[in-house]
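These notes are about the structure you will find just below.
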Amino acid sequence: MTPSIRQPLRLRRLPATVSPGGETDAMEYRELPQPQPIPSDGLAEAASPNRLLGYLLLHWPMVLILGSMLGAGMAYLAYTLIPAKYTTYAMIRVALVPPSVSGFQNEEAARNDFLTCLKTQTQLIKSHFVLNAAIRDPAIAELPMIRSQVDPVAFLQDEVRVEYTDNSEIIKIILSGDNASEITKIVNSIQDAYFREVVDEEGNRKKNRLVELENLKHQTQESLNKSYEAIRNDLTVQNQLPGGAKPTLSKVILDDPIAKAMAEAADVNRMNQLLMGQASGLRNAMLKQDAEISATKRRIERLKVALTQPAPIDPAAELKLRDQLDKEPVIITQQQKALSTKKRYDALKANALNPNAPELQNLAKAVEREEAELKRLVELATKEFNDLRSEAHHLQVRSELQAAEIQLAEFQEQRKDTESTLTTVESKVLPTPVLPTQSKEGMALSKLENKEVAILDFDKVAVAHQEEILHKIVDKVNLLKLEEKAPPRVRRLAAAPVPSKKEYKKQLVATAGGGFMGFVLVALGAILFELRLRRMLSLQDLQQIARGPVLGVIPQSEFDRATEMMPVHVLEAVDKCRTQIVQHTLALDHKSIMITSALADEGKANFTWQLTQSFVQSGYRTLLIDLDVRSPMMHEFYGVLNEGGVCEVLRGESELSNSIQTFADGLSFLPGGKWTDSIRQDLVTDKIGMLLAKVREYYDVILVHAHPLLEVADSYLIGRQVDSVILTVQKLVTRQPLLDRVQERANELGKEPFGLVFLDATPNESLC
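Just so we're on the same page, this note's numbering is the position in the sequence shown counted from 1, plus 42.
Written out as structure tokens, the structure is:
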């Protein structure tokens with residue numbers, strides 16, 4: 043076959059220092075340093091900010107288009123699902139320091155306790171008993187917003203927001219809804235219930251405490267008056283003594299030391315009896331407090347168990363369930379459908395001559411299906427109702443549990459105070475003095491005392507003790523009176539007004555957020571796609587993992603079949619690459635160069651054509667062999683047929699000299715030929731090596747276009763027969779993990795050094 047004659051390309055002269063035969067004159071070629079791969083974490087490197095930005099720039103049209111579509115859909119969904127609502131709120135003020143007219147309180151401690159007070163009031167406002175009190179008002183209970191709820195209290199606990207900011211005295215009770223009048227009434231009702239059930243109740247407790255202390259003060263005052271009267275009546279006690287003298291008891295005691303000691307012992311005993319009486323009362327109080335603590339703990343345990351169990355069966359709830367099932371539209375529709383089918387079946391059965399008729403049997407099955415569906419819907423609605431009722435029951439139990447835990451803490455604190463008081467009282471008990479031997483006068487005095495005389499010193503001590511108790515009671519009474527006159531710490535600041543405009547902020551923010559999330563999701567999808575592929579984005583990526591020298595950086599270009607010309611900047615880049623190849627291979631007498639890649643479609647064919655043209659235009663005797671015999675394509679660049687090529691030579695169907703096609707510009711080309719399975723055996727043998735040996739002495743450079751190194755094992759066999767290997771790396775196509783593997787495979791060939799060529803680079807990268 044006569045090959046077609048191509049038009050000659052423009053010729054460029056070889057540099058003066060290199061002869062067409064590849065011999066060097068005066069220039070000494072030095073080998074470029076072998077770049078070492080930079081060790082790094084592949085995933086961390088792939089997720090670096092610069093690479094992520096590169097991924098976004100790479101896919102910005104897709105992000106813009108798909109992000110706009112997805113963002114519009116999400117924005118519409120957010121706008122629909124989060125409608126604008128009316129919002130209103132009532133305000134309550136909690137003073138930073140509790141108001142006082144006495145000025146005796148510790149303001150620093152009150153300030154430290156302020157945040158705890160705010161949190162407590164917030165929990166009380168949303169507590170079960172306050173919300174339950176709010177909806178006890180018939181006007182509130184009949185509102186559609188409340189009446190439509192299975193558990194109104196649980197609904198309000200979810201919907202009502204109680205907000206405050208740190209160091210602010212204002213608490214807001216906030217509620218949003220579709221009906222401005224309803225939400226205003228509900229918020230004001232909650233505010234009223236809070237003041238009625240919490241604030242006013244606290245004031246009532248203080249008043250009751252004041253009444254109790256007033257009564258105790260009067261009782262103590264009466265007892266003290268009686269003690270004063272007894273002391274006045276017994277200041278002197280007369281006793282008949284020899285000689286008719288009637289000395290006072292104090293005189294007799296002072297004159298007789300034994301009698302004096304006995305009097306002191308009597309004082310101690312009577313004081314101890316009083317203290318022991320107080321101690322006994324405190325112990326009884328502790329026993330009562332222990333019983334209250336135990337009962338509260340048992341109640342807490344019962345409430346904890348109740349939290350793990352479903353709500354108990356309530357006849358009222360069963361009645362409400364039946365009422366709800368009767369009003370459920372889906373169940374009503376299914377009941378009508380089942381009843382209609384049953385009537386048709388009964389009518390057909392009454393008039394049917396054959397009870398086993400197919401139409402009658404089908405209708406009977408339809409009745410069973412409709413009844414089963416009705417049963418399923420009833421069970422589903424019942425389960426949903428019971429779940430909501432159990433949730434409401436558990437909310438109430440949790441509220442009671444919280445109140446019980448607070449009450450337990452109060453009981454424990456009271457018991458601790460009682461125990462401390464008991465310890466103080468017991469420490470005041472004095473040991474009984476040891477009495478000396480009693481004289482006759484002392485014995486007589488003792489008898490006199492047992493009959494008529496009271497010990498004045500003990501009376502004075504008892505009176506002093508009663509006076510001390512009375513003073514403490516009076517102090518507490520006065521303090522409570524001052525607190526009662528002081529303004530309350532929690533005050534109603536403002537009721538909720540009826541809102542006139544809907545709140546669009548939340549809806550607009552959600553809509554904008556939905557639109558933005560559309561772009562974010564598409565961008566994340568693009569980034570995750572690139573992180574999974576880990577494609578080569580730039581020359582820097584190649585330089586970081588290259589295990590051999592980067593011989594060339596070629597800008598992006600396409601083969602122009604009409605002109606067979608390359609742009610000037612591409613031609614310059616290819617010539618620079620050819621110069622590097624000359625220094626690395628031809629200078630070492632490496633004539634045969636295999637050009638391959640990791641996978642197909644990574645630019646090796648186009649680069650092979652470009653490099654071939656550069657060698658030919660520089661005056662080198664060049665032979666191009668297309669050894670990608672499974673998918674040959676180099677013949678398409680030269681407009682010839684893929685016949686009489688390598689495959690025919692290996693099968694012995696054609697002579698090598700007749701198969702090589704020579705063009706006007708001096709290029710010699712050996713196409714791939716027609717592939718058959720027998721060629722695989724020829725590649726395993728040394729026929730390729732012998733073919734290369736035959737043509738070696740006739741050419742300055744032999745370029746071998748081979749299979750992808752990772753896809754076809756034949757390329758590995760061919761690589762062992764050539765002198766050098768060049769790997770093409772195409773930007774945005776070659777993947778880093780595959781490049782690592784193909785470099786390992788190239789190292790296994792033992793061709794040192796092998797080089798890499800970066801394709802489709804930017805103009806700036808090609809200047810490197």
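Just so you know, even glycine gets a beta-carbon here, dropped at the ideal spot from N, CA and C.
Among the residues of its own chain, which have a CB less than 8 angstroms from the CB of residue i, if the five just before and after it don't count?
{"i": "residue 373", "result": "367, 416, 419, 420 and 423"}
{"i": "residue 320", "result": "467"}
{"i": "residue 96", "result": "579 and 580"}
{"i": "residue 791", "result": "758, 761, 762 and 767"}
{"i": "residue 789", "result": "589 and 796"}
{"i": "residue 635", "result": "623, 627, 743, 744, 745, 746, 764, 765, 766, 767 and 768"}
{"i": "residue 258", "result": "515"}
Per DSSP, what are the beta-bridge partners of residue i in this structure?
{"i": "residue 205", "result": "214"}
{"i": "residue 597", "result": "803"}
{"i": "residue 703", "result": "711"}
{"i": "residue 637", "result": "747 and 768"}
{"i": "residue 219", "result": "128"}
{"i": "residue 545", "result": "127"}
{"i": "residue 797", "result": "768"}
{"i": "residue 592", "result": "798"}
Please report the residue range of the beta strand (DSSP E) in which residue i lies.
{"i": "residue 432", "result": "Per DSSP, residue 432 belongs to no beta strand (DSSP E); it is in the alpha helix (DSSP H), 400 to 469."}
{"i": "residue 668", "result": "664 to 668"}
{"i": "residue 132", "result": "128 to 136"}
{"i": "residue 533", "result": "532 to 536"}
Can you list, in chain order, the residues of its chain with a C-beta nearer than 6 angstroms to that of residue i? Leave out the 5 residues immediately preceding and following it.
{"i": "residue 662", "result": "742 and 743"}
{"i": "residue 793", "result": "766 and 767"}
{"i": "residue 577", "result": "774 and 777"}
{"i": "residue 434", "result": "193 and 196"}
{"i": "residue 667", "result": "712 and 746"}
{"i": "residue 185", "result": "224"}
{"i": "residue 409", "result": "383, 384 and 387"}
{"i": "residue 353", "result": "431, 432 and 435"}
For residue i, report the span of its alpha helix (DSSP H) as first-last.
{"i": "residue 577", "result": "That residue, residue 577, is in no alpha helix (DSSP H); it is neither H nor E in DSSP."}
{"i": "residue 236", "result": "222 to 236"}
{"i": "residue 616", "result": "610 to 626"}
{"i": "residue 738", "result": "729 to 738"}
{"i": "residue 784", "result": "778 to 790"}
{"i": "residue 651", "result": "646 to 659"}
{"i": "residue 688", "result": "688 to 693"}
{"i": "residue 174", "result": "170 to 176"}
{"i": "residue 681", "result": "Careful: residue 681 lies outside any alpha helix (DSSP H) and carries neither H nor E."}
{"i": "residue 376", "result": "371 to 393"}
{"i": "residue 773", "result": "Unbroken run through residue 773: none, as it is neither H nor E."}
{"i": "residue 760", "result": "756 to 761"}
{"i": "residue 92", "result": "91 to 100"}
{"i": "residue 191", "result": "It is not in any alpha helix (DSSP H) - residue 191 carries neither H nor E in the DSSP assignment."}
Could you tell me whether the Cβ of residue i comes closer than 8 angstroms to any Cβ of chain C?
{"i": "residue 643", "result": "The chain labelled as chain C is not found in the depicted structure, where only one protein chain is given."}
By Cβ distance below 7 angstroms, which residues in the same chain neighbour residue i in space, the five residues on each side in sequence not counted?
{"i": "residue 54", "result": "Note on residue 54: pLDDT 33, under 50, position unreliable in the model; the coordinate value appears next. Excluding residues within five positions, the ones whose Cβ falls inside 7 angstroms are 659 and 660."}
{"i": "residue 763", "result": "730, 731 and 734"}
{"i": "residue 492", "result": "With a pLDDT of only 46 at residue 492, under 50, the local geometry of the prediction cannot be trusted, and no value is derived from it."}
{"i": "residue 444", "result": "none"}
{"i": "residue 342", "result": "443, 446, 447 and 450"}
{"i": "residue 129", "result": "216, 218, 541 and 545"}
{"i": "residue 365", "result": "none"}
Please look up how many angstroms separate the CB atoms of residue i and residue j, rounded, as I've assumed it's under 8 angstroms.
{"i": "residue 656", "j": "residue 693", "result": "Between residue 693 and residue 656 the Cβ distance is about 33 angstroms, and since that is not below 8 angstroms, they are no contact."}
{"i": "residue 799", "j": "residue 752", "result": "Going by Cβ atoms, the distance from residue 799 to residue 752 rounds to 17 angstroms, so no, they are not a contact pair."}
{"i": "residue 536", "j": "residue 133", "result": "4 angstroms"}
{"i": "residue 561", "j": "residue 801", "result": "Residue 561 to residue 801, Cβ: 32 angstroms. No contact."}
{"i": "residue 137", "j": "residue 211", "result": "6 angstroms"}
{"i": "residue 808", "j": "residue 595", "result": "5 angstroms"}
{"i": "residue 213", "j": "residue 202", "result": "12 angstroms between Cβ atoms; not a contact."}
task: Indicate whether the contact test is met: 3 or more Cβ pairs, each with one atom in the region 746 to 762 and one in the region 621 to 632, closer than 8 angstroms.
output: no
Stretch-stretch touch, CB-based, cutoff 8 angstroms, three pairs: the region 246 to 265 with the region 506 to 524: yes
query: Given 8 angstroms as the limit, is there contact between the region 540 to 549 and the region 217 to 226, that is, 3 or more CB pairs closer than that?
result: yes
- prompt: Using 8 angstroms as the threshold, is the region 563 to 578 in touch with the region 173 to 184, meaning 3 or more CB pairs across them?
  reply: no
task: Check whether the region 630 to 646 touches the region 676 to 693, counting contact only when three or more Cβ pairs, one atom from each stretch, lie closer than 8 angstroms.
output: no
message: So, does the region 94 to 104 touch the region 515 to 529, judging by three or more C-beta pairs under 8 angstroms?
response: no
- prompt: Is the region 713 to 721 touching the region 664 to 678, taking contact as three or more C-beta pairs under 8 angstroms?
  reply: yes
task: Taking 8 angstroms as the threshold, find out whether the region 322 to 331 comes into contact with the region 378 to 393 through three or more Cβ pairs.
output: no
message: Across the region 228 to 238 and the region 161 to 176, are there enough close Cβ pairs to call them in contact, namely three or more that are closer than 8 angstroms?
response: yes
- prompt: When the Cβ atoms of the region 333 to 342 are set against those of the region 452 to 471, are three or more pairs found closer than 8 angstroms?
  reply: yes
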